[in-house]
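Asks: Numbered according to this note's numbering, the sequence shown spans residues 1334 to 2101. Quick reminder that beta carbons are idealized off the backbone N, C-alpha and C, glycines included. Attaching a single structure in structure tokens format; questions to follow.
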Amino acid sequence: MRSAYAREGGGGANASLRPPPGSTAARLELDAAGGHGENDPGLALTQPIAPPRRKGRLAFAGLVLVAAAFAASAAAPRNVLVLQSYERGAEPFDTIATEFRAALAAGSPSPVELHEISLATALYPGGESEEAFVRYLASFEARRPFDLVVTIGGSATRFVQRHRTRIFKSTPLLIAGADRRLLEPQALTPDDAAVATRLDLAGAFANILQLFPQTTEVVGILGRSPLEQYWVEELRREFQPFADRVRLTFWDDLPYQAILERAAELPAGTAIFYGFYVTDVDGVSHADDSALDALHSVAAAPLFGLFDHQLGRGIVGGPLIPVRGVAQEAAGAANRLLAGEEPARVRPPSVVAAAPTFDGRELDRWRIGADRLPPGSWVRFREPTLWQAHKGKILGTAAVLGLEAALIVALSVSLAGRRRAERDLRKSREQYALAVEGTTDGLWDWDVRTGVIDFTPRSRTLLGIAAGEPADRLAAWEERIHPDDRHRVQAALQAHLDGKSPAFRAEHRLGPGEGSTRWVLARGKALRDAEGRAIRLVGALTDVTERRLAEEAVRDLSRRLIVAQEDERARLARELHDDLTQRLARLAIDVGRAEQEGGGSRAEATMRLVREGLVRLSEDVHALSYRLHPSLLEDLGLAEALQVECDRFGRLSGIAVDLVLSDVPQPVSRGAALCLFRVAQEALRNVDRHARARTVEVRLQGLDGGLQLAVQDDGVGFDPAAVRGRRSLGHASMRERIHLAGGELDIESAPDQGTTVVAWVPLAEERG
């Protein structure tokens, strides 16, 4: 059991997590056409002059006040509001938002409290829904002031710029993920920062024609939302230099199914340009790039895109905008703003397309040679070579051939010994011949010195050796062992031959082959000479398929129950967050509209109380959604999710919680992270219910190729012997989760000495 863990380091329940930076910032370039950043005439603003410093006897007192204010701000969380252009899942905006949240939390020296609102209900400007949304945001801001407002995408950016005089008037604004064409420089204020992108639409068309010079028509796939229609017009404008060679057609007026049907019948000389497809002509959302997957599965022409997250999902490739680079740059700008830097100075160069990158599978599919790729191109997803695909089998075959060669040499040298061994074997066979006929197990007899192995008919049947097929070598058995079990069986056999184990025993699968998997229990005992060397190994094979299937059925049922439980929790959490919370927000907007329409001072006061109650109820539903399914675990990772859980537990229970992180590997698989997070929740719940503890230490560290979690309290403890045999659903749930993850769990306790729960899971592979 891996129960030892380091105690160096510090940190407490409120300690900020600072994971080492691991991502590479996107390549940034100046816009040669108009300039960017501080030298950009379209974005640069006159900086306000700082007031002169005060001198004299108040200097020391001022320093003391500044130090006190800094200490107070370091302890308080910073409130950040993220305004999304579309609902969650809309690409590429959702990837930018997800990466932004993670990078912001990793780089912030103080806790950050994120609030996220989708403007999907206010995408169509000038309507009543937009006006109501403005009033709702103004009310929300009045109740909870923000340190920073971040817009993701062009729609959210234009929305805030239209209403900047009514909402977030003095709050720093960070514009992220919006193309420079969508910014309105005259609307930028000294409180506005920007991390913009620049889509090279003409370069995208040039890339298509370089790879497919025979192209005569390009079909554009974009949706019907206002932002998508804006880009339709931009594509038409920037396509003009190619109009004499290629025809540009858009299918935005076709139903989604009709688009798929036409894509499947496109003639030669056609290419598909896929921007992003959020809303189709019928108003149906395809925000998660599902339309791209569907197009790739049926399209009779190559697909091209603009963003690197689309690579690997069907596009051929080319110069692509690094979506995660945009998020990293935006997170760095946000931390600069939260640190107090003037927004007008936080306007870095626009993020442009990186070096051309292509999908090797699509290049092969459309027969595009390397000579057509631009200089400096990168190719990903190449099919492995014969050596890469079968390296293990080739080495294994070579090892078997080498072993056989060594056995042949040994046989030539010890021919006399072989004859003596054959006489001994002949006598032995006569002794157990009757036993062979009376058992359902298969017997085998291996002459270690000569390498000859003898299988009884029952053994040959169990191993699937056909009648008349030569099978007098150990390889006849080894090659029928499942590849995933072969090394383990060979190691157990060698350990017994070397005298490290009293007997040989191993269960293994047969295959892979046709039909269901069969399990065999192999047992054996070595006969040794005077010097202790094994000269003969005799054993039996037993079919244990039914027992293993029963065990697998029980484990599979347990796994499915746990997975079903987590899926149901996730579904309920999504429904609470995506449906009920939005409906509550809509009710708050309607109440705000009714409040403005008047009806007497008492009616207005009543409506105000109702609106505030709805806002609080919406926050409570959001908190309940997190307890059902921790979305923070998927967005920010295990370490950050544990920090939030420890903070929440400390606030609710009044027990001091100390979280210590040590050598936590990255990334952690979803299964391992969820398993350890649930174990930590259950352990903390037991501390709150039974331990009567004053302090709790939660430690997470990488150990022995896996991840170890330890939860230790200084409470009353218990006697494990006294409670042995009693049913505990909490302990059973923890043990079952760890078992299904292939890990180990140990619970140590004694009266008045606290309790320690230690869980370890491997990271080599994710089970279940």
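Is K1760 helix, strand or coil when you go by DSSP?
Replies: Here residue 1760 refers to the residue found at position 427 when the sequence shown is read from its first residue. The answer is helix: DSSP assigns K1760 an H, G or I state.
Asks: Going by C-alpha distance, which of A1839, R1881, L1830 is nearest L1860?
Replies: Reading the sequence shown from its first residue, position 527 is the one you call residue 1860. For L1860, the nearest C-alpha among the options comes from L1830.
Asks: I'd like the span of the beta strand (DSSP E) that includes R1657, first residue to last.
Replies: Your numbering for residue 1657 matches position 324 in the sequence shown. No beta strand (DSSP E) contains R1657, which is instead part of the alpha helix (DSSP H) from 1656–1671.
Asks: Terminal residues of the continuous beta strand (DSSP E) containing S2082?
Replies: In the sequence shown, residue 2082 corresponds to position 749, counting from 1. From DSSP, the beta strand (DSSP E) with S2082 extends over 2077–2082.
Asks: Using C-beta distances below 7 Å, list every residue in its chain close to A1405, excluding the 5 sequence neighbours before and after it, in chain order.
Replies: To locate residue 1405, count along the sequence shown from 1; it is residue 72. Because A1405 carries a pLDDT of 47, less than 50, the predicted location of this residue cannot be relied on, and no value is offered for it.
Asks: Let's test the definition: count the other Cβ atoms within 10 Å of the Cβ of V1742 and tell me whether it reaches 16, buried, or not, exposed.
Replies: The sequence position of residue 1742 within the sequence shown is 409, counting from 1. That one is exposed.
Asks: So, at 8 Å on beta carbons, what are the nonlocal neighbours of A1688 in its own chain, with the 5 sequence-adjacent residues on each side left out?
Replies: Residue mapping note: residue 1688 aligns to position 355 of the sequence shown, counting from 1. Closer than 8 Å at Cβ, skipping near neighbours: R1360, P1652, G1709, S1710, W1711.
Asks: Less than 9 Å between the beta carbons of F1538 and L1555, yes or no?
Replies: Taking the sequence shown and counting its residues from 1, one reaches residue 1538 at position 205. Taking the sequence shown and counting its residues from 1, one reaches residue 1555 at position 222. No, these two residues do not count as a Cβ contact at 9 Å.
Asks: Can you check DSSP and say which residues form a bridge with V1445?
Replies: For the purposes of this step, residue 1445 is taken as the residue at position 112 of the sequence shown. DSSP output for V1445 lists R1411 as bridge partner(s).
Asks: Roughly how many whole angstroms lie between the Cα atoms of V1871 and R1782?
Replies: Within the sequence shown, numbered from 1, the residue matching residue 1871 stands at position 538. Within the sequence shown, numbered from 1, the residue matching residue 1782 stands at position 449. One C-alpha to the other measures close to 13 Å.
Asks: Would E2030 pass as a contact of D2085 if the rule is Cβ separation under 9 Å?
Replies: Residue mapping note: residue 2030 aligns to position 697 of the sequence shown, counting from 1. Residue mapping note: residue 2085 aligns to position 752 of the sequence shown, counting from 1. No; because the gap between Cβ atoms is not below 9 Å, this pair is not in contact.
Asks: Look up F1501 in the DSSP assignment and say whether it is helix, strand or coil.
Replies: Walking along the sequence shown from the start, residue 1501 turns up at place 168. Three-state DSSP puts F1501 in coil, outside helix and strand.
Asks: My understanding is that L1874 touches S1745, with C-beta atoms under 8 Å, so please give their C-beta distance in whole angstroms.
Replies: Counted from its first residue, the sequence shown places residue 1874 at position 541. Counted from its first residue, the sequence shown places residue 1745 at position 412. At roughly 31 Å, the Cβ-Cβ gap does not stay under 8 Å, so L1874 and S1745 are not in contact.
Asks: So F1426 is in the alpha helix (DSSP H); what residue range does that whole segment cover?
Replies: Taking the first residue of the sequence shown as 1, we reach residue 1426 at position 93. Residues 1426–1440.
Asks: Give me, in chain order, the residues of the same chain whose beta-carbon lies closer than 6 Å to that of R1514; leave out the 5 immediate sequence neighbours on both sides.
Replies: Translated into positions along the sequence shown, residue 1514 becomes position 181. So the list is empty, once near-sequence residues are dropped.
Asks: Rounded to the nearest angstrom, what separates D1876 and I2071 at their Cα positions?
Replies: Mapped onto the sequence shown, residue 1876 falls at position 543. Mapped onto the sequence shown, residue 2071 falls at position 738. Answer to the nearest angstrom: the Cα atoms are 29 Å apart.
Asks: Does the Cβ of R1434 have 16 or more other Cβ atoms within 10 Å, making it buried, or fewer, making it exposed?
Replies: Translated into positions along the sequence shown, residue 1434 becomes position 101. Under this definition R1434 is a buried residue.
Asks: Output needed for D2006: all residues of its chain with C-beta closer than 8 Å, excluding positions within five of it in sequence on either side, in chain order.
Replies: On the sequence shown, residue 2006 is found 673 positions in, with the first residue counted as 1. Per the sequence shown, the amino acid found at residue 2006 is Ala instead of Asp. Excluding positions up to five away in sequence, the list reads L1966, G1970, L1971, A1974.
Asks: Compute every distance between the C-beta of G1638 and the non-hydrogen atoms of the ligand SAH, then say whether any falls below 8 Å.
Replies: The model depicted lacks the ligand SAH and carries no ligand whatsoever.
Asks: Going by Cα to Cα distance, which pick from E1716, A1663, P1845, F2051 is closest to H2023?
Replies: Here residue 2023 is taken as the residue at index 690 of the sequence shown, counted from 1. Nearest option by C-alpha distance: F2051.
Asks: With distances taken between CB atoms, is the gap from V1482 to L1507 smaller than 9 Å?
Replies: Counting from 1 along the sequence shown, the entry for residue 1482 is found at position 149. Counting from 1 along the sequence shown, the entry for residue 1507 is found at position 174. Cβ atoms of V1482 and L1507: closer than 9 Å.
Asks: Am I right that L1644 and R1713 are in contact with their C-beta atoms under 8 Å? What's the rounded C-beta distance?
Replies: Within the sequence shown, residue 1644 is the residue found at index 311, counting from 1. Within the sequence shown, residue 1713 is the residue found at index 380, counting from 1. Sure, about 7 Å apart at Cβ, within 8 Å.
Asks: Please name the residue, chosen from E1695, R1806, E1675, A1664, that lies closest to L1734 on a Cα-to-Cα basis.
Replies: As a working mapping, residue 1734 is identified with position 401 in the sequence shown. Closest option to L1734, Cα to Cα, is R1806.
Asks: Looking only at its own chain, which residues have a Cβ that is under 7 Å from the Cβ of S1747, when we skip the five neighbours before and after it?
Replies: Here the question's residue 1747 lines up with position 414 in the sequence shown. Correct list, in chain order: R1782.
Asks: Taking E1812 as the reference, which of A2074, A1732, F1479, I1429 has the closest Cα?
Replies: Looking up residue 1812 in the sequence shown gives position 479. It is A1732.
Asks: State the DSSP-derived secondary structure class of Y1419, mapped to helix, strand or coil.
Replies: In the sequence shown, residue 1419 corresponds to position 86, counting from 1. Looking at Y1419 - three-state DSSP - the assignment turns out to be coil, as it is neither helix nor strand.
Asks: Less than 8 Å between the CB atoms is what I'm expecting for L2073 and V2044, so what's the real figure, rounded?
Replies: Translated into the one-based positions of the sequence shown, residue 2073 becomes position 740. Translated into the one-based positions of the sequence shown, residue 2044 becomes position 711. That belief does not hold up - the Cβ atoms of L2073 and V2044 are roughly 20 Å apart, past 8 Å.
Asks: From which residue to which residue does the beta strand (DSSP E) around G1983 run?
Replies: In the sequence shown, the residue the question calls residue 1983 occupies position 650. Element bounds for G1983: not the beta strand (DSSP E) but the alpha helix (DSSP H), 1971–1986.
Asks: Quick check on D2085: does DSSP put it in helix, strand or coil?
Replies: For this step, residue 2085 is matched to residue 752 along the sequence shown. Coil.
Asks: Can you tell me the Cα-Cα spacing of D1577 and G1647, whole angstroms?
Replies: Within the sequence shown, numbered from 1, the residue matching residue 1577 stands at position 244. Within the sequence shown, numbered from 1, the residue matching residue 1647 stands at position 314. When rounded, the distance between both Cα atoms is 28 Å.
Asks: Out of A1535, I1500, L2096, E1424, which one is the CA nearest neighbour of G1487?
Replies: Sequence index remark: in the sequence shown, residue 1487 carries index 154 (1-based). Nearest option by C-alpha distance: E1424.
Asks: Which complete alpha helix (DSSP H) runs does the stretch 1570–1637 hold, if anything under 4 residues is left out?
Replies: With a minimum length of 4 residues, the continuous alpha helix (DSSP H) runs that stay inside the stretch 1570–1637 are 1589–1596, 1623–1631.
Asks: Could you give the C-beta distance for V1853 and L1776, rounded to a whole number, given that I count them as a contact under 8 Å?
Replies: As a position in the sequence shown, residue 1853 is number 520, starting the count at 1. As a position in the sequence shown, residue 1776 is number 443, starting the count at 1. That belief does not hold up - the Cβ atoms of V1853 and L1776 are roughly 13 Å apart, past 8 Å.
Asks: Using a Cβ-Cβ cutoff of less than 6 Å, which residues in the same chain neighbour D1818 once the five nearest sequence positions on both sides are dropped?
Replies: Your numbering for residue 1818 matches position 485 in the sequence shown. Excluding sequence neighbours, D1818 sits near H1841, R1842.
Asks: Taking only the alpha-carbon atoms, compute the straight-line gap between S1441 and E1662 and give it to the nearest angstrom.
Replies: For the purposes of this step, residue 1441 is taken as residue 108 along the sequence shown, with counting starting at 1. For the purposes of this step, residue 1662 is taken as residue 329 along the sequence shown, with counting starting at 1. The alpha-carbon atoms of S1441 and E1662 are separated by roughly 14 Å.
Asks: Please state whether the Cβ-Cβ distance between L1452 and S1418 is less than 9 Å.
Replies: Looking up residue 1452 in the sequence shown gives position 119. Looking up residue 1418 in the sequence shown gives position 85. Against a cut-off of 9 Å, the Cβ pair of S1418 and L1452 comes out as a contact.
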